[in-house]
Each structure stands twice: as structure tokens, then as C-alpha cells.
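Top line first, the protein sequences correspond to chains A and B. Whatever position you read off the first sequence (first residue = 1), add 10 for my numbering. Whatever position you read off the second sequence (first residue = 1), add 10 for my numbering. For glycine and all other residues, C-beta sits at the position ideal for the given N, C-alpha and C. A quick note: this is a predicted structure, and the numbers were derived from the prediction, not measured. A short write-up of the structure that comes next.
There are 2 protein chains.
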Amino acid sequence: MDEGTAMGNGADGANGANGADGSAAGTVRVTIDDVARAAGVSRQTVSRAMNGKGEISAATRRRVLATIEELDYRPSMFARGMRTHRAGTLGLILSDIANPFFPAVARGVFDAAAALGFSVVVHNTDAHAGRESAAAREILERGAEGVIGFFEALGDEELVGLHRRVPLVVADRRAPAPGVASVSSDFATGTRLAVEHLQARGHRHLGMLDGAVGVDHVRRHAFTAATAPRTPVVTAPPTITGGAAAAAQLLGEHPEVTGLFAFNDLMAVGAIRALRERGRRVPDDCAVVGYDDLTLAADLDPPLTTVHTDKYELGRTLVEVLDGVVRARRDESGAAAEHRLLPAALVVRRSG
Amino acid sequence: MDEGTAMGNGADGANGANGADGSAAGTVRVTIDDVARAAGVSRQTVSRAMNGKGEISAATRRRVLATIEELDYRPSMFARGMRTHRAGTLGLILSDIANPFFPAVARGVFDAAAALGFSVVVHNTDAHAGRESAAAREILERGAEGVIGFFEALGDEELVGLHRRVPLVVADRRAPAPGVASVSSDFATGTRLAVEHLQARGHRHLGMLDGAVGVDHVRRHAFTAATAPRTPVVTAPPTITGGAAAAAQLLGEHPEVTGLFAFNDLMAVGAIRALRERGRRVPDDCAVVGYDDLTLAADLDPPLTTVHTDKYELGRTLVEVLDGVVRARRDESGAAAEHRLLPAALVVRRSG
DNA sequence: ATGAAAGCGCTAACAG
DNA sequence: CTGTTAGCGCTTTCAT
Chain A
11 MDEGTAMGNG ADGANGANGA DGSAAGTVRV TIDDVARAAG VSRQTVSRAM
61 NGKGEISAAT RRRVLATIEE LDYRPSMFAR GMRTHRAGTL GLILSDIANP
111 FFPAVARGVF DAAAALGFSV VVHNTDAHAG RESAAAREIL ERGAEGVIGF
161 FEALGDEELV GLHRRVPLVV ADRRAPAPGV ASVSSDFATG TRLAVEHLQA
211 RGHRHLGMLD GAVGVDHVRR HAFTAATAPR TPVVTAPPTI TGGAAAAAQL
261 LGEHPEVTGL FAFNDLMAVG AIRALRERGR RVPDDCAVVG YDDLTLAADL
311 DPPLTTVHTD KYELGRTLVE VLDGVVRARR DESGAAAEHR LLPAALVVRR
361 SG
Chain B
11 MDEGTAMGNG ADGANGANGA DGSAAGTVRV TIDDVARAAG VSRQTVSRAM
61 NGKGEISAAT RRRVLATIEE LDYRPSMFAR GMRTHRAGTL GLILSDIANP
111 FFPAVARGVF DAAAALGFSV VVHNTDAHAG RESAAAREIL ERGAEGVIGF
161 FEALGDEELV GLHRRVPLVV ADRRAPAPGV ASVSSDFATG TRLAVEHLQA
211 RGHRHLGMLD GAVGVDHVRR HAFTAATAPR TPVVTAPPTI TGGAAAAAQL
261 LGEHPEVTGL FAFNDLMAVG AIRALRERGR RVPDDCAVVG YDDLTLAADL
311 DPPLTTVHTD KYELGRTLVE VLDGVVRARR DESGAAAEHR LLPAALVVRR
361 SG
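Below you can see the structure in the form of C-alpha cells.
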């Protein structure tokens, strides 16, 4: 890209307000009119040449395209969006990009979005309702074409409201209404697998470190359903620190517990830390099973037994489904919203 | 936000092309004119009320603001951007969000950007020159106000060219020109610390697993400068797999090596894997020092000795410096570009 | 303190 | 196949 400076050469460059010579300072915007003039056609023709809409002779198109190159012309998204209402942007709302689960998903989102020509704007919410709706509003105002959301605090009504204003796919959460598309890991199965594994290993007293802030609690419900009544569950933030605190509390109150199921790998790591501080060996004295199968799970000490989900695939699928919603809304084809469930699988390593 | 549904109630909602009742389908856009009409003022007054520009009576302002709430009006960024040339967006270009280093930085970027009212669009490049310039172009076209770039493939000239078109801060790379702002970790010191540590532990034969794709190679140069001539360096992708491959090759060719310095923690993890596969104990047979101090570094097996950098702070600082550039360009104040260097510190754990 | 006019850069309808 | 006419929704002069 970028040969020479901006202003090119051809034609007399009759650009009203130019800074005279080429010593480029304020970088005057090259508009479609400049290109049209330089190529000796109308703006419409330039527009056609760029967008491949309408008929155009191959010859003119080539000439226009060449002129565009020459002038280093870049269409203004603002002006274009004004007509088309399309920004070529997707919003991605998540609670914490620093939680390794999300970058893995984000990678899938970015790749799939790029393939479709979308840019992705990311918003971090820390699972605060206020931040979640602020993010949604921001994205809306910026004219994004669609939103992918890991909402953990907003209620279903808010999501339905958002869905009315913009194509939306909710991630890892039950759809707030049948009309709202969703993609989600199969947490119920994943959790059941984890619990059954612990039970098969002979653990009679289990406990769960829950990290869910939100409304859904699929993992917790599945855990409760699969274990004896009154099996302890302690809730804390889904972080290493949260896991450590939750484990400390749970084992303080229930010393008989020998098997811990954590909401995610981060909490599992925290639990392992806490266990060791209390002089308990993992897995000999207490087994730990995580959730997510983070990249480094196998390299931890001990290697973490965890539930694997394909996070990249989740991201990819999210975009695919969102694209469907975007198109459906565009064509006003009342295509039904998709609801996909991605598989989960247990990975047995040494921690549990 | 969002009490009730979208369309509010007050005023006669004289919206030309509405879908009649509240069963909201196509969601007609509420424009500034709708607000003006409903509030019984002109659009300018509405604009003033929103933007706090120009004089306005507190009374009218309140009334207008109320109407805005009621109608759930959201100004169009497209229309606004067309006049102001501001999108309230920053671009963040990085090679791989799945590498845990970047999310940590990104967190800082998001937080600082949000505090300044900016949205962040993220582009993943895999360190490909083509993708890096494509990302830059995308960001440019979308009218971002500034760009933060971890460029690993683009040449200095391209960066200078980009700098001419948009406020730019380069991250973890020497500024391509004095006029281009930069923020970077002190890799030279960090690397020296790592090498000296290994040497102090009595390792006579070191090796480096380099992961740099780019142009800068600060870590490699610092390593070479601090070690004996002909100390081996093997280059591979900065990933676990890359680190494993590089370690296997390096130790195959130089079995005498007992101390490995890795470009980053991911490569260090790969090295540890490779070492073990070859039956070498870490750190007894071969020490390994990483770089970055990822969140999980302390929980690895063995806990990873590594160079710590404050990634969140890096992200925060990048935004701060970029904001400076944005303002400087706005005021045409020829404020000099900042160049900041963030400290690095060795964290000794068990791997090396 | 408020309103009227003008126009940002582009594309969608129509002409021709 | 190409050009002309409008106008997207907002802010910026300039009047009042």
C-alpha cells in the first residue's frame, strides 16, 4: 500500500481547500468527487466501480479503480453508513477479556468476522448490569450491524429490547425469547460428566465452587441435580482469587469433601492453591475438576482435569449465526432464530 | 435503562413513517427532528442540549433531555461523524488475542478507553504484513480516532505513512520515526536480568528460543550481547508448539545447554514439554526462564521463572499516550510525540 | 437564547 | 451503460 503521498497527481486536482503543494500536513480528505473528476466520470460511476453494483463497462471500471489507487482514495464510512445504515461492524460484549476463556472465543469471532468483512468492537463489562447495557447502547449508537453478547447481569426483558433494535445472538445463556438466537456450550452435559467422573473415582462428598454471577446457573443446577441433597455450593467471582476463597470457605465448613467441581479452570486453580495452603494434596486428599480446558490446563501442577469445550468454534459459530440473523433482518425473511448447543467433553488429567 | 418499550408515549409521536401501533417491527429510526418536534424546539436546540455547546436555557435543556429519554432517541454516529470526523473509536492491532499476553494488555486498553469514552475495535493479524496493513486500512476507513499497534511485520515506512493519516502509537517496538509516539516494555533490561540470573545460577551454556517475527528483535540482541559469542538462538513461532519445536532443535544441536531463555512464557511452556519428552528434568537438567509472567505462570509445573511486565499498565499507558496524540493533532499544537519505556523485573520461581 | 440555511460524502432512484 | 437529482441525520455558520 501507500505509494507516494496522498494527493496523487493526475488531473488538475481542483480540490477547493487544499494546502497547496505536497508538503502534506492536515491531510485533506480525498472524496468520491475527486476521483470522479480525475477519472472523468460521475460520482455514481465511481460508486458503481467500487461496489460492483449496477452495470459498468469493464474498461471504465478499471480506469476508475486505477484512479482510486492513484489518489489513495478511501470512502468515508460515515457517509456510506448514512445511506446504507451499515458500518461493517459487530459488537462483542463480554465480562472480562483477561479471563483466558474469552480470548479463545474472541479469536474465533475475529477470524470469522474478518472473513465476512466485519470489524469487531469489544466491550468489557465485568458482569455489571450497568456496563452491559452501556456497552449495548454504545454499540447501537455506533451503528453496528449485530451484537454478540455474553450477558451475565442483564435481564431477559432488556435482551429482548436489544434484540428489537439490532441483530443479536446471546452466548452461553438460554435465549431470553424464542425469537432471539443463541449459541451455547452444553453445560448440563459437561457438568454431569464432571460429577459422574468424580463419583466414579469414589468421591462420596463433593462440593462446587460456583462462579456464576448471572441469571442462568446451568452448571449449578446440573451439579445439584447430579449430587446428593445438601451437597455444598459456594459462590465467588470466577477468578483464581475467587476460587481460592470459595474453596477455603467450602472446606472449612465441610472438611469431609474430597471432590471439588469448579465453575471454570481459573477457580480450579485457585482451589488448588487454597488446598495446598491448607496442607491438602491434590488429588490425593481432594480432587479438583475445572471447566473450559484453557490452553495451559495441561501444564499446570497438577495437570488439570477439566471439561473441554471448543472455544474457537464457539466464537466462529456465534458469528455464523449472527450473520444469519443480519441477513434475515435485511431480507425481512422471517427466518426463525437459531439455537445451537455445542458439545462438551471431559478431559481427565491428574488433578481429579 | 429501558423502562417500558422503545417508543415512549408523551407527545403525539408525529413520526411520519411509523409502523402504527407499538408492535414494533422494522424499528423506525428516531431522529433529531422527531425529538425537536416533540419538544417543540428546533434541531439545533436539541443538538445543543445533547452536546452542551452554545448557550441554552436550563429549562429548555431539561425539557429536551427528557424528550430524548422518552423517545429513546440515539444520535446516529454516522451523521454525527460526517460533520465531526470523530467516531469515538480506537483501533487496536495485535497479532494474536489467544496469546495470553495480549488479553492482559487489552484489558488495560479497554478500561482506559472506556474512561475516555472511546470504543475499541480489535484486529488480529497473526503478524502477517498483509493483515497488518489491511487492519490499518479498515480502521482508517471506519474513521477511528487513533490506532494502537503491535506491529510485527510492517516496515517503518508503512508505519510513518499510517502515522500521517491517523494518530498512532506503536507498542513494544522502537518508534519508526521520532514523531511517532511509542510505549514499550524495557525488553533489554528484562532480558539482561534473565540472562544474568541464569549465569548466576552457574549455567555456562545458554540458549535462546526466539519468537520474534518482526523487525525489532530487542530481546534477541540483548541476549546475544549478554552471552558468549556463538551462543545458540533458535527462532520459531511464539507459541507453545513453537517453543517445543525450538527447544527440541536447540537441544538436539547443542546438548551441552543447561539454561534456556524463551521469548515468552508460551514458548517456555513448550520448552518444558519438549525437555520432559527427552527425559530432561526442569530445572535440574535444564533451567527455563520465560518472559511476560502470565497469570498462570506461578501455577505451572514447575512454577515458571519469568520476566514480569505490567501488561495492564502497558495497555493503560498506550491509551493515555494515544489520547495525547489525538488531542495534539486536534489542537494542531505541535506537541512532541511521547516515548515511554515500562520497567521489567525478574520473578524467580522454580523452573530456572 | 433560539431558529434557518447549508452541507458533510455517499448511494438509491430515476432518467437518459 | 452512465449521469442527474435527492436526501440520509447531524452540526456549523449565521441570523434573529
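- Residue interval of the alpha helix (DSSP H) (run including B/Asp341): 321-341 is the span of the alpha helix (DSSP H), which, as asked, contains B/Asp341.
- Query: Excluding sequence positions up to five away, which residues of its chain have a Cβ less than 8 Å from the Cβ of B/Asp31?
  - Reply: At B/Asp31, the pLDDT of 29 sits below 50, so the modelled position is not reliable and the matter cannot be decided from this model.
- With B/Leu276 as the anchor, note down where its alpha helix (DSSP H) starts and where it stops. 275-287
- Would you identify the three-state DSSP class for B/Arg262, choosing helix, strand or coil? One detail in the question is off: residue 262 of chain B reads as Gly in this sequence, not Arg. The answer is helix: DSSP assigns B/Gly262 an H, G or I state.
- Item | Nearest to B/Arg291 (by Cα), restricted to the options B/Arg230, B/Ser361, B/Glu65, B/Asp106 | Ranked by Cα distance from B/Arg291, the options B/Arg230, B/Ser361, B/Glu65, B/Asp106 are led by B/Ser361.
- Item | Element boundaries [alpha helix (DSSP H), containing B/Val74] | 68-81
- Task: Please report how far the alpha carbon of A/Leu356 lies from the alpha carbon of A/His318, in whole angstroms.
- Result: 6 Å
- Would a C-beta distance cut-off of 9 Å place A/Thr77 and A/Ala49 closer than the cut-off? yes
- Leaving out five residues before and five after A/Val250 in sequence, what residues of the same chain have Cβ atoms less than 6 Å from its Cβ? The sequence as given places Ile at residue 250 of chain A; Val does not occur at that position. For A/Ile250, where only same-chain residues beyond five positions count, the Cβ hits under 6 Å are Leu276, Val279, Gly280.
- Query: Taking the continuous alpha helix (DSSP H) assigned at B/Ser192, which residues delimit it?
  - Reply: Unbroken run through B/Ser192 is the beta strand (DSSP E), 191-195; no alpha helix (DSSP H).
- Query: Going by C-alpha distance, which of A/Ala145, A/Gly127, A/Leu208, A/Ala124 is nearest B/Asp121?
  - Reply: A/Ala145
- Message: Using a Cβ-Cβ cutoff of less than 6 Å, which residues in the same chain neighbour A/Ala354 once the five nearest sequence positions on both sides are dropped?
- Response: Ser195, Asp196, Thr199, Gly200, Val317, Thr319
- Item | Of the residues A/Leu351, A/Val45, A/Gly269, A/Ala89, the one placed nearest A/Ala210, counting alpha carbons only | A/Gly269
- Please list the partners that A/Thr132 has in chain B, where partner means a Cβ-to-Cβ separation under 8 Å. The amino acid at residue 132 of chain A is misidentified as Thr; the sequence shows Val. Simply Ala116, Phe120, Val130, Val131, Val132.
- Message: I'd like to know if the segment 93-111 of chain B and the segment 127-143 of chain B are in contact, where contact means that at least 3 CB-CB pairs between them fall below 8 Å.
- Response: At 8 Å Cβ cutoff, the stretches touch.
- Task: Note the first and the last residue of the continuous beta strand (DSSP E) segment covering A/Thr99.
- Result: 99-104
- Message: Considering only their Cβ atoms, is the gap separating A/Gly221 from A/Thr241 smaller than 9 Å?
- Response: Result no, Cβ atoms of A/Thr241 and A/Gly221 do not sit closer than 9 Å.
- Measure from the alpha carbon of A/Gly171 to the alpha carbon of each residue in A/Ala154, A/Glu162, A/Asp182, A/Ser143, then state which is nearest. A/Ser143
- Item | Span separating the alpha-carbon of A/Arg340 from that of A/Arg326 | 21 Å
- In three-state DSSP terms, what is B/His318? strand
- Query: Just checking, does the segment 328-347 of chain B make contact with the segment 172-192 of chain B on the three C-beta pairs under 8 Å criterion?
  - Reply: Contact between the segment 328-347 of chain B and the segment 172-192 of chain B is present: three or more C-beta pairs spanning the two stretches fall below 8 Å.
- Cβ of A/Gly189 within 9 Å of Cβ of A/Ala59? no
- Task: Please look up how many angstroms separate the CB atoms of B/Val358 and B/Thr315, rounded, as I've assumed it's under 8 Å.
- Result: 5 Å
- Task: Give, in chain order, every residue of the segment 278-293 of chain B whose Cβ lies closer than 8 Å to some Cβ of chain A.
- Result: Val279, Ile282, Arg283
- Message: To the nearest angstrom, how far is the alpha carbon of B/Asp82 from that of B/Val40?
- Response: Going by the C-alpha atoms only, they are around 8 Å apart.
- Indicate whether at least one CB of chain A lies closer than 9 Å to the CB of B/Arg84. Yes, B/Arg84 lies at the interface with chain A (some Cβ there is under 9 Å from its Cβ).
- Distance, B/Arg72 Cα to B/Arg152 Cα: 33 Å
- Expressed to the nearest angstrom, what Euclidean distance is found between the alpha-carbon atoms of A/Leu219 and B/Gly156? Counting only the Cα atoms, B/Gly156 lies some 42 Å from A/Leu219.
- Measure how close the beta-carbons of B/Ala297 and B/His173 come, nearest whole angstrom, since I'm counting them as under 8 Å. About 42 Å; that fails the 8 Å criterion.
- Query: beta strand (DSSP E) containing A/His215: first to last residue?
  - Reply: Looking at the DSSP string, A/His215 is not in any beta strand (DSSP E), and its letter there is neither H nor E.
- Item | Opposing strand residues paired with B/Asn109 [DSSP bridges] | Beta-bridge pairing links B/Asn109 to no other residue.
- Unbroken beta strand (DSSP E) run spanning B/Gly245, endpoints: Per the sequence presented here, residue 245 of chain B reads as Thr, with Gly not at that position. Looking at the DSSP string, the run of the beta strand (DSSP E) that includes B/Thr245 is 243-245.
- Short Cβ contact (9 Å threshold) for A/Val115 with A/Val130: no
- Item | CB contact below 9 Å: A/Arg147 versus chain B | yes
- Query: Which of the residues in the segment 52-66 of chain B, read from start to end, lie with their CB under 7 Å from any CB of chain A?
  - Reply: With the criterion set as a beta carbon lying under 7 Å from some beta carbon of chain A, the segment 52-66 of chain B has no members that meet it.
- Return the first residue and the last residue of the beta strand (DSSP E) that A/Val45 is part of. Per DSSP, A/Val45 belongs to no beta strand (DSSP E); it is in the alpha helix (DSSP H), 42-49.
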